[in-house]
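Residue numbers (this note's numbering): 106 to 409. Just so you know, even glycine gets a beta-carbon here, dropped at the ideal spot from N, CA and C.
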Ligand code: NAP
């Protein structure tokens, strides 16, 4: 099997594997620590060296589970690029108090969250730290101060954002010396607003690669009973046949990766065979008309 190539995320930025394993659902996979380690190593063998985390995933538990696996074989750390995120303070829906989940990108919140992520993962440094979601109270100067401190202390190499609008991206970038290295955004055949709202155009303009999250719409593309999902499944199956793909997942990855902003695609599966299928999808070539067939199936109308 061919291995996944590494790509440069931005000028002076890090190199990521073109497919990135996301660990949001790690807690649900019910793997032993040894099984988690071997899952990570199987990815490395395929060339999928970049891993995506966030402080909020299972209230930190996903980072802890990952850190436990790394501890079994500390040499693995040098073979991977670790991305994590800060900024969402979750309050369980079951909480009886009046407090609400909220965003916090104050300097102290960033420093504390990052310190906690490093401890849970059991590593000295994150390759990339992302602002998880735009904080409407974001003070860009404070974020820049926190990023500077984390970089100087060697705790974080590079910084980026997630779910940012183009204006939010430019605001934060205006206070930073080093380029933001990505905007991690939702991109799948059910929701591809970023294709039309300027988000991907901006990244293409700056030659910064997006990270595409929930490429399979969190699994809804296979199960949703909406007219849109039904239309999509029919078109994706037809395209799978035309392209010689083994599954509609592969057609979706080819669709995401065809965008000229050159995204890296996040995987969310805990099933190693589905990871292998995603790797095989990198060989598929989709033409313009095939890409637009998915656009039309999703929208339910033809392009103007
Ligand atoms: P996804 O690939 O869209 O969805 C993964 C889910 O789809 C899993 O439950 C998987 O189940 C299921 N699935 C995959 N193939 C399937 C098939 N052929 N049939 C039925 N179900 C299938 O990815 P995601 O987990 O939503 O997101 C990926 C990563 O993106 C996350 O881990 C996280 O790192 C990142 N993310 C970031 C943000 C953000 O705001 N920045 C938001 C969401 C996610 P199996 O495990 O059984 O295959």
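So for residue 176, helix, strand or coil by DSSP? helix
Cβ separation of residue 305 and residue 313, assumed to be a contact under 8 Å, to the nearest whole Å: At roughly 10 Å, the Cβ-Cβ gap does not stay under 8 Å, so residue 305 and residue 313 are not in contact.
Hey, is residue 237 close to the ligand NAP, as in C-beta under 7 Å from one of its heavy atoms? yes
Identify the continuous beta strand (DSSP E) that holds residue 288 and give its terminal residues. 288-291
Is the segment 286-299 touching the segment 225-237 in the sense that three or more CB pairs, one from each, lie closer than 8 Å? yes
Please determine if the segment 146-155 and the segment 128-138 are in contact, where contact requires at least 3 C-beta pairs separated by less than 8 Å. no
Check for me: the beta strand (DSSP E) holding residue 318 runs from which residue to which? 316-318
With hydrogens ignored, establish whether the beta-carbon of residue 327 is closer than 7 Å to any heavy atom of the ligand NAP. yes
Range covered by the alpha helix (DSSP H) that runs through residue 146: 138-151
Mind pulling the beta strand (DSSP E) runs of 3 or more residues that sit fully within the segment 358-382? 369-372
Just list the alpha helix (DSSP H) runs in the segment 294-351, keeping only unbroken ones of 4 residues or longer that don't cross its boundaries, in chain order. 298-301, 304-311, 325-328, 332-348
Span of the beta strand (DSSP E) around residue 155: 155-157
Residue 215 and residue 159 look like a contact to me (Cβ under 8 Å); what is the Cβ gap, rounded to whole Å? In fact, because the Cβ distance is near 13 Å, the residues do not count as touching under 8 Å.
Under three-state DSSP, which class holds residue 395? helix
Verify the contact flag: residue 323, CB atom, against every heavy atom of the ligand NAP, threshold strictly below 7 Å. yes
Going by C-alpha to C-alpha distance, which of 128, 254, 402 sits closest to residue 167? 128
What first and last residue would you give for the alpha helix (DSSP H) that runs through residue 273? 271-279
If distances are taken between C-alpha atoms only, which option among 157, 202, 373, 266 comes closest to residue 320? 373
Assign residue 183 to one of two classes, buried (16 or more other C-beta atoms within 10 Å of its C-beta) or exposed (fewer than that). exposed
From 175, 212, 371, 203, residue whose alpha carbon lies closest to that of residue 223: 175
Is it right to say residue 378 is buried, meaning 16 or more other beta carbons lie within 10 angstroms of its own, or is it exposed? exposed
According to DSSP, residues forming a beta bridge with residue 112: 121
Under 8 Å: do the segment 275-282 and the segment 339-351 share three or more Cβ pairs, one atom per stretch? no
Residue 108 versus residue 200 - alpha carbon distance: 45 Å
Contacts around residue 116, its chain only, beta-carbon distance under 7 Å, and the 5 residues preceding and following it disregarded: 284, 312
Whole-angstrom distance between residue 179 and residue 302, CA atom to CA atom: 42 Å
Closest to residue 123 by C-alpha separation, out of 384, 393, 403, would be which residue? 384
Quick check: what's the CA-CA separation for residue 273 versus residue 189? 19 Å
Please classify residue 395 as buried or exposed, where buried requires at least 16 neighbouring CB atoms within 10 angstroms. buried
Assigned secondary structure, residue 233 (DSSP; H/G/I helix, E/B strand, else coil): strand
Straight-line CA distance for residue 309 to residue 202? 44 Å
Outcome for residue 242 when other beta-carbon atoms lying within 10 angstroms are tallied against a minimum of 16: exposed
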